[in-house]
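Numbering (the working numbering), first residue to last: 336 to 579.
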């Protein structure tokens, strides 16, 4: 699956979110001091796979049927090769996030990933819907989509979720975030064929583009930069979701 393990990137550092109380209960998640950033972190974990990336990894051979070569439909062996190429690019691109995340910041990577994936999904939608371009065009959009995800939402989203909260509730936010992550994955992957048969695959990929765009807006409006910040600084730059 496309889900990243929580805390895979360097933490916010020595000055990052800390708490001397490590025995916080589940009710602490609803406390005013935790609930806002806990909600942001959990939503980030869900949005990571609501991006639709696992549709690409699970249905790549099916998606590449929509490309065409000069003499007709892409042969099955070539579609399988393209699928293998998707996996190779996925693995090869991911380490670049760890090299750039502290220099560029978490928000910058998430925003660039969101809007980059938005454009790539729109490209896939156009290629499939209007039969524009051949196999090279479709493959290019898919690989660029994978690269945008692999250097941003893949490794960064859940890591940011763990940096937004104190250690007293971090494990619980991680646990709820993981559940949200996999529920989102199941919803997206299991609904792909139904959406495709109902609305067409071009429209379905356009929906994923909209979701990625909305994810970018969420980051822009609700996710503070955590790189090198103490928890108090993160809170001061956050958006309040409610009050007691």
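Backbone N, C-alpha and C fix where the C-beta goes; we use that ideal spot for every residue, glycine too.
Round the Cβ separation of residue i and residue j to the nearest angstrom and send it over; I've been treating them as touching at under 8 Å.
i, j, result
"residue 420", "residue 478", "7 Å"
"residue 481", "residue 448", "Not really, about 11 Å apart at Cβ, beyond 8 Å."
"residue 550", "residue 484", "Not quite, the Cβ-Cβ distance comes to about 11 Å (not below 8 Å), so this is no contact."
"residue 376", "residue 508", "5 Å"
"residue 554", "residue 445", "5 Å"
"residue 441", "residue 500", "Incorrect: roughly 14 Å between the Cβ atoms, too far for contact."
"residue 537", "residue 460", "5 Å"
"residue 381", "residue 516", "6 Å"
Just to confirm, is the Cβ distance from residue i to residue j under 8 Å?
i, j, result
"residue 524", "residue 390", "yes"
"residue 498", "residue 539", "no"
"residue 462", "residue 473", "yes"
"residue 395", "residue 456", "no"
"residue 557", "residue 383", "no"
"residue 504", "residue 373", "yes"
Starting from the Cα of residue i, find the closest Cα among the options and give me that residue.
i, options, result
"residue 547", "557, 488, 373", "488"
"residue 518", "459, 372, 379", "379"
"residue 392", "400, 443, 418", "418"
"residue 370", "426, 443, 471, 511", "511"
"residue 531", "470, 452, 464", "464"
"residue 401", "437, 422, 535, 552", "535"
"residue 397", "506, 527, 443, 522", "527"
Helix, strand or coil for residue i, going by three-state DSSP, please let me know.
i, result
"residue 558", "coil"
"residue 434", "helix"
"residue 544", "helix"
"residue 406", "At residue 406, the pLDDT of 49 sits below 50, so the modelled position is not reliable and the matter cannot be decided from this model."
"residue 429", "coil"
"residue 571", "Only weak support exists for where residue 571 lies, its pLDDT of 46 falling under 50; the value from the coordinates is given anyway. Helix at residue 571."
"residue 483", "helix"
"residue 460", "helix"
"residue 500", "coil"
"residue 551", "helix"
"residue 526", "helix"
"residue 489", "helix"
"residue 448", "helix"
"residue 512", "helix"
"residue 495", "helix"
"residue 579", "Bear in mind that the predicted position of residue 579 carries a pLDDT of just 40, short of 50, making it unreliable; the figure below should be weighed with that in mind. Residue 579 falls in the coil class under three-state DSSP."
"residue 440", "coil"
> Which runs of the alpha helix (DSSP H), 4 residues or longer, sit entirely within the stretch 371 to 419?
Replying inline: For the stretch 371 to 419, the full-length alpha helix (DSSP H) segments reaching 4 residues or more read 388 to 398 along the chain.
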